[in-house]
Amino acid sequence: MSAPNAKRRPGLLATTLVLLRKDLLIEWRTRARLNALVFFAMATLLLFSFALGPDTKLLERNAGGYLWLAILFASVLSLGESFRVETENACLDGVRLAPADARAIFLSKALGNALLLLALAVVLVPVMVALYGVRIVTGVGDLAGILVLGSLALSAPGTVYAAISSNARARDVLLPLLLFPLVIPALLSAAKGTTLVLQGDPMQQLGSWQGLLLGFNLIYWGVGFVLFPRVIED
Amino acid sequence: MNKFVKFGLPAVTLALLGAGWWLGLAWAPPDREMGEVQRIMYVHVPLQWMAMMAMFINFVAAVTYLLRQSWKTDAMAEASAEVGLLFGTLGMITGSIWGRPTWGVYWSWDPRLTSEAILLVSYTGYLVLRRFVEDPEKRAVWSAVVAIIGAINLPIVWFSVRWWRSLHQVQSSPKTVDPQMVLPLRVSAFGMLALLIVFMVHRYRTALAERKAEVALPEALPTDDPALRASHSSKVA
């Protein structure tokens, strides 16, 4: 797509969008990943209610935590898959030779993963309303904010670690082992934020949890942007 | 290996730790509120300080490696992460032994303890990654990236007792404890520092030797040296 002379090489943003479009197109043509994720996460939500017994009060009180645990478990599958398509037939090398900036590869992969997790979250909320009997108290806008920030927060460090573990032995063990401890602050604030949205926020705490999520995002998107080129260099 | 590192440093370590712990157990007065139990501070606090220091060295080594590739900084990163995890785990165990009589529980979900647990798990992940990547160069780069990302936790653990005032007391330091406890704490801390150095030097040398063997050994060639042959076959397996 790029001309041989360097002047007409597309910029970072343009490259990112092209790569993102490519990833979304692959996803759209098969729709395998999103379908699998949705059913996996729904099964997880269902399993929580079996594991805890049919106590609707308990389920309703902890719904925010269960939602984010389901998303986190699903994200491990999704992140691993996002680099599996690139390792087949050495596609990643092809993209690098295109030549695409490695930072654009990071941005497109992380954004793609975040979009997929967001779509998953949007599907899961009505399921949660049906299964756990939750109500959205403080408004859909607040919920959307938490879902967007939370999906972004899981996908930035997740993309770096997925790129590393996709090439290592025992990748299925490695990714959660690296990712889970790291995203605890994001998981905690997303779960707390969601719980506040679902149960009312009389003490006005929602803003501080959103702030924590935003800070987490800034740190890990920044670190990922800087360090990712070293991860996939040859 | 030079003589001082082999014999002198361990001797200094034993002397300092012996003196520090004798001072702490027999010479220093018991704490006004916690009584004799508080004496575990002379082990717990230096252990945690040294764990923090080792993990900070790990961060510095990782950054240095990314700026200028060298097996020495990679070996230093491996050594410091392992020794840091050891000291941190021991620090957590001594902490929970201290917690049981004073707080009534071995473990509480206090911010300090929680963030420390996260830190230890993330360094475990780092060491697992090192075991699972065979290519030494990729292993060095990837583990450096993971170390830098993980090191964001370090300031959170250190400041957690100040940001969230909760069960865990603010860090003990020579400024916050009674003058009679300062001397044993200082001597024990220097003893623990010497122990850290002993462990680090040995682990660093091992790591560097492993790296050199991995990089230099021709895969297919048989070797007469039994030591090399052993390391070769273990690598293949």
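Order-wise, the sequence lines are chains A and B. Counting in our numbering, the first sequence runs from 4 upward without gaps. Counting in our numbering, the second sequence runs from 10 upward without gaps. Note that CB positions come from ideal geometry on N, CA and C, so glycine has one too.
Asked                                                                                                  : Found
Exposure label - ARG121 (chain B); buried when at least 16 CB within 10 Å                              : buried
Three-pair Cβ contact test at 8 Å for the segment 38-45 of chain A versus the segment 77-89 of chain A : yes
Where ALA246 (chain B) falls: helix, strand or coil (DSSP)                                             : Only weak support is given to the placement of ALA246 (chain B): the predicted model assigns it a pLDDT of 38, under 50, and the question is left unresolved by the model.
One or two residues paired with GLY4 (chain B) in a DSSP bridge                                        : Residue 4 (chain B) lies beyond the stretch modelled for chain B, which goes from 10 to 246, so this question has no answer here.
Closer than 7 Å to chain B by CB, LEU181 (chain A)                                                     : yes
Within chain B, partners of LEU177 (chain A) - CB distance below 7 Å                                   : VAL137, LEU138, PHE141
Neighbour-count burial assignment, MET206 (chain A), 16 or more Cβ in a 10 Å radius                    : exposed
Euclidean distance between Cα positions of GLY2 (chain A) and ASP58 (chain A)                          : Past the boundaries of the shown model lies residue 2 (chain A); chain A is included only from 4 to 237, so the question cannot be answered.
Secondary structure of HIS177 (chain B), DSSP reduced to three states                                  : coil
Simplified DSSP state of TYR74 (chain B), which is helix, strand or coil                               : helix
C-alpha gap between GLY161 (chain A) and TYR51 (chain B), whole angstroms                              : 40 Å
Proximal residues of chain B, C-beta to C-beta of LEU230 (chain A) below 9 Å                           : LEU75, ALA153, VAL154, ILE157, ILE158
Neighbouring residues, chain A, relative to ILE127 (chain B) (Cβ below 7 Å)                            : PRO184, ILE187
Within chain B, partners of ARG172 (chain A) - CB distance below 9 Å                                   : ARG140, PHE141, VAL142, GLU143
Chain B contacts made by the segment 71-87 of chain A, where a contact means CB separation under 8 Å   : none
Within-7 Å CB hit, VAL226 (chain A) to chain B                                                         : yes
Same chain only: Cβ atoms within 8 Å of LEU82 (chain A), ignoring 5 sequence neighbours per side       : ASN116, SER158, GLY161, THR162, TYR164, ALA165, LEU178, LEU182
ILE167 (chain A) at chain D interface by Cβ criterion, 7 Å                                             : Given the protein chain composition of this structure (A and B), no chain D is represented.
Rounded Cβ spacing between LEU205 (chain B) and VAL92 (chain B) (contact assumed at less than 8 Å)     : 6 Å
Through-space distance from LYS195 (chain A) to VAL191 (chain B), alpha-carbon basis                   : 42 Å
Within chain A, the residues that SER131 (chain B) reaches when beta carbons sit closer than 8 Å       : LEU181, PRO184, LEU185
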